[in-house]
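Notes for the one structure printed next.
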Amino acid sequence: MSGKKSAKKKNSQLVIRINDQERDAFVSLCDDLDTSAAREIRRFIRGFLKENQQDEE
9 MSGKKSAKKK NSQLVIRIND QERDAFVSLC DDLDTSAARE IRRFIRGFLK ENQQDEE
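Numbers given in this note's numbering equal positions in the sequence shown, counted from 1, plus 8.
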């Protein structure tokens, strides 16, 4: 590889139901910010997990 971090394989899907207008506004904003809806949802999930992670020791 060329020094980049190897990404974890994405092999699962999460299906959610949201209002059409909210979805369209979210996707449009992601486009405006030059990102993808999927990337931002993954970023949210990772941050949420990190914030709520309990010590396992």
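C-beta: ideal position from N, C-alpha, C; glycine also.
- For residue 26, the three-state secondary structure derived from DSSP is coil.
- In terms of CA proximity to residue 45, 22 leads the group 16, 57 and 22.
- Annotation for residue 57: the continuous alpha helix (DSSP H) segment containing it runs 45-59.
- A straight line joining the alpha-carbon of residue 43 with that of residue 62 spans about 30 Å.
- A Cβ-Cβ contact shorter than 8 Å links residue 38 with residue 48.
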